Amino acid sequence: MPDRIILLVDMDYFFVACEELRNPAVRETAAIVGADPKNGEGRGVVSTCNYIARKRGVHSGMPISSAYRIMPDALFLPVDMEYYERKSAEAMGIIKRFAEKREQVGIDEIYLEVQVGADGYAGAERLAKQIKEAVAAGAGLPCSVGVSVNKMVAKAACESAKPDGIRVVTEEDAREFLSGMPVGSLHGIGKKTEERLKRIGYSKVGDVAAASKMLLIKEFGACGAEMHDAANGIDRSGIVERWKAKSISREETFIKDTSDPDVVRESIIRLSHDVHCSAATDGVAFKTVGIKIRYWDFSEVTRSISLHYHSNEEEAIRMSALHLLDANMSRSTAIRKVGVRVSNLADFSGQKKIANFVRVLG
DNA sequence: TCTGGGGTCCTAGGACCC
DNA sequence: TCTGGGGTCCTAGGACCC
Numbered sequence: 508m509p510d511r512i513i514l515l516v517d518m519d520y521f522f523v524a525c526e527e528l529r530n531p532a533v534r535e536t537a538a539i540v541g542a543d544p545k546n547g548e549g550r551g552v553v554s555t556c557n558y559i560a561r562k563r564g565v566h567s568g569m570p571i572s573s574a575y576r577i578m579p580d581a582l583f584l585p586v587d588m589e590y591y592e593r594k595s596a597e598a599m600g601i602i603k604r605f606a607e608k609r610e611q612v613g614i615d616e617i618y619l620e621v622q623v624g625a626d627g628y629a630g631a632e633r634l635a636k637q638i639k640e641a642v643a644a645g646a647g648l649p650c651s652v653g654v655s656v657n658k659m660v661a662k663a664a665c666e667s668a669k670p671d672g673i674r675v676v677t678e679e680d681a682r683e684f685l686s687g688m689p690v691g692s693l694h695g696i697g698k699k700t701e702e703r704l705k706r707i708g709y710s711k712v713g714d715v716a717a718a719s720k721m722l723l724i725k726e727f728g729a730c731g732a733e734m735h736d737a738a739n740g741i742d743r744s745g746i747v748e749r750w751k752a753k754s755i756s757r758e759e760t761f762i763k764d765t766s767d768p769d770v771v772r773e774s775i776i777r778l779s780h781d782v783h784c785s786a787a788t789d790g791v792a793f794k795t796v797g798i799k800i801r802y803w804d805f806s807e808v809t810r811s812i813s814l815h816y817h818s819n820e821e822e823a824i825r826m827s828a829l830h831l832l833d834a835n836m837s838r839s840t841a842i843r844k845v846g847v848r849v850s851n852l853a854d855f856s857g858q859k860k861i862a863n864f865v866r867v868l869g
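Under the working numbering, think of the first position of the first sequence as 508, with each following residue one higher.
So this is what it looks like as structure tokens:
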């Protein structure tokens with residue numbers, strides 16, 4: 508019996524659940540939160556949809572135009588991030604009262620590490636019930652909870668509990684629990700890796716668990732070792748309580764692909780401004796400025812440049828980003844999206860202005 | 001089917017310094 | 001004239017996650 512147990516609390520269909528709160532009619536119909544479908548011409552994707560839409564094959568990440576083709580009559584709602592962030596803060600505030608060690612991941616997930624007494628998993632399961640009830644009563648939102656020895660298994664347990672459920676997987680049961688799942692359901696194994704694993708004959712988590720660790724390391728490097736551990740229910744990563752951003756970025760997809768330098772430059776200037784606002788709010792200075800260009804065919808380039816010193820000035824972002832754009836934009840290739848990012852961040856905690864800190868490109 | 005936005009981590013080569 | 005090893009930083013790209 509472990510002395511510590513991990514709970515993963517994951518909000519169910521979070522964005523749509525928030526929309527239901529302010530408009531109960533949403534509950535009765537197929538609802539999709541995401542980009543504007545524009546009668547099937549819209550760019551962008553589905554952020555979240557409710558279970559009525561999921562039954563018809565709509566899912567997160569699906570092109571909004573495809574969702575529209577499947578269900579033109581569904582209720583399409585725009586993403587109202589500020590509202591969801593408020594609801595998230597409410598729910599997370601309630602959940603955090605149940606444990607001292609916790610790690611929030613994104614807007615709708617949080618890991619808790621709890622000390623349990625002699626009643627072990629039974630105690631953790633009772634706690635999970637209390638959490639669900641408190642979140643439902645206090646924030647009006649449904650969630651699911653996975654309970655296990657580590658984050659990775661708790662995550663898989665939570666997935667299998669959805670929606671509105673609790674699933675406990677003990678240390679002894681972890682391997683068995685995971686073994687029948689497709690390899691792609693392991694955290695960290697995406698489409699590409701799943702394909703590669705399939706090609707060498709591993710399609711179930713159990714296949715990877717039984718494979719030679721050396722072979723996986725040879726094939727996938729450091730990921731191979733992690734993959735083998737994960738498949739065997741082992742995850743040594745702990746709860747990371749205080750999390751600091753390592754980069755800040757903003758991106759914009761154009762309504763129509765463009766090769767007009769003015770349009771692209773204006774966008775870069777706007778994005779530079781937004782990135783600067785965000786950095787200023789967080790009280791961080793940056794040393795590296797980068798841009799991303801996605802062309803019409805989805806090919807992408809990233810370019811970055813490091814300043815000699817950390818800076819907190821908008822001008823440093825704008826000048827660097829425009830410089831990188833000018834050096835890399837070809838007038839003949841249509842651009843779909845551009846982005847601006849700062850990284851190599853350092854705290855400057857707001858007390859002093861970083862004057863004379865910058866000297867950007869001549 | 002036709003693909004958003006905001007992040008993280010890993011790899012790998014090259015520059016540069018001691 | 002030929003040839004070390006280690007450490008750190010920079011840059012670019014890829015995979016992945018929510």
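For each residue, glycine too, the CB sits at the ideal point set by N, CA and C. Remember, predicted model here, so these are calculated numbers, not experimental data.
Per DSSP, V782 is one residue of the alpha helix (DSSP H) stretching across 768-789. If you check the CB distance, A538 and C556 come in under 8 Å. Within the same chain, and ignoring the five residues on either side of G568 in sequence, the residues whose Cβ sits closer than 8 Å to its Cβ are V552, V553. When DSSP states are grouped into helix, strand and coil, Y816 belongs to the strand group. Of the other Cβ atoms in all chains shown, fewer than 16 fall within 10 Å of the Cβ of V808; this residue is therefore exposed. Residue environment: M588 is assigned as exposed (fewer than 16 neighbouring CB atoms within 10 Å of its CB, all protein chains considered). Secondary structure at G624: coil, using DSSP grouped into helix, strand and coil.
Close CB contacts of I842 within its chain, under the 8 Å cut and outside five residues either way in sequence, are with F761, D764, T765, S766, V771, I800, R801, Y802, W803, M836 (chain order). Note on geometry: alpha-carbon atoms of V654 and V690 lie some 21 Å from one another. Secondary structure note for R593: its alpha helix (DSSP H) is the uninterrupted segment 588-603. In this model, I824 and Y590 are separated by some 29 Å (Cα to Cα). Contact annotation, A644 with M518: C-beta distance approximately 15 Å; criterion of less than 8 Å not satisfied. As the crow flies, the alpha-carbon of A629 is around 39 Å from that of G728. Around the beta carbon of P768, a 10 Å sphere encloses fewer than 16 other beta carbons of the protein chains shown; the residue is thus reported as exposed. Approximately 12 Å separates the beta-carbon atoms of R674 and A681; this is outside 8 Å, ruling out the contact. With a contact defined as Cβ atoms closer than 8 Å, R550 and A560 miss out at about 20 Å. If you look at R838, you'll find it isn't in any beta strand (DSSP E); DSSP assigns it neither H nor E. Linking L582 to G627 through their CA atoms gives a straight-line distance of about 44 Å. Rounded to whole angstroms, the separation of the alpha carbons of R757 and F793 is 15 Å. DSSP, reduced to helix, strand and coil, places T700 within a helical segment of the structure shown. For G728, DSSP assigns no beta-bridge partner whatsoever.
Rounded to whole angstroms, A718 and H735 show a C-alpha spacing of 8 Å.
A786 places its beta carbon 8 Å or farther from that of V747.
An exposed status is given to M721, since fewer than 16 other beta-carbon atoms sit within 10 Å of its beta-carbon. Checking the DSSP bridge columns, you'll see M518 partnered with C650. Contact between A752 and L852 holds, since their C-beta atoms are separated by about 7 Å, short of 8 Å. With respect to the 8 Å criterion, I755 and L829 are not classified as neighbours on the basis of their beta carbons. Cβ contact annotation for P670 (same chain, cutoff 8 Å, sequence separation greater than five): D519, Y520, Y558, P649, S651, in chain order. Linking E822 to E632 through their CA atoms gives a straight-line distance of about 53 Å. With a cutoff of 8 Å on beta-carbon distance, Y618 and K658 are scored as near each other. Assignment of beta-bridge partners to G797 by DSSP yields S811, R848. DSSP, reduced to helix, strand and coil, places S710 outside both helices and strands of the structure shown, so it counts as coil.
Shown here for G731: same chain residues with a beta carbon closer than 6 Å to its own, the five before and five after excluded, namely L723, I724 in chain order. About 19 Å separates the Cβ atoms of I512 and V642, ruling out a contact at the 8 Å cut-off.
Looking at V565, K662, H566, D580, the one whose alpha-carbon comes closest to that of E610 is K662. By DSSP's assignment, E607 forms no beta bridge with any residue.
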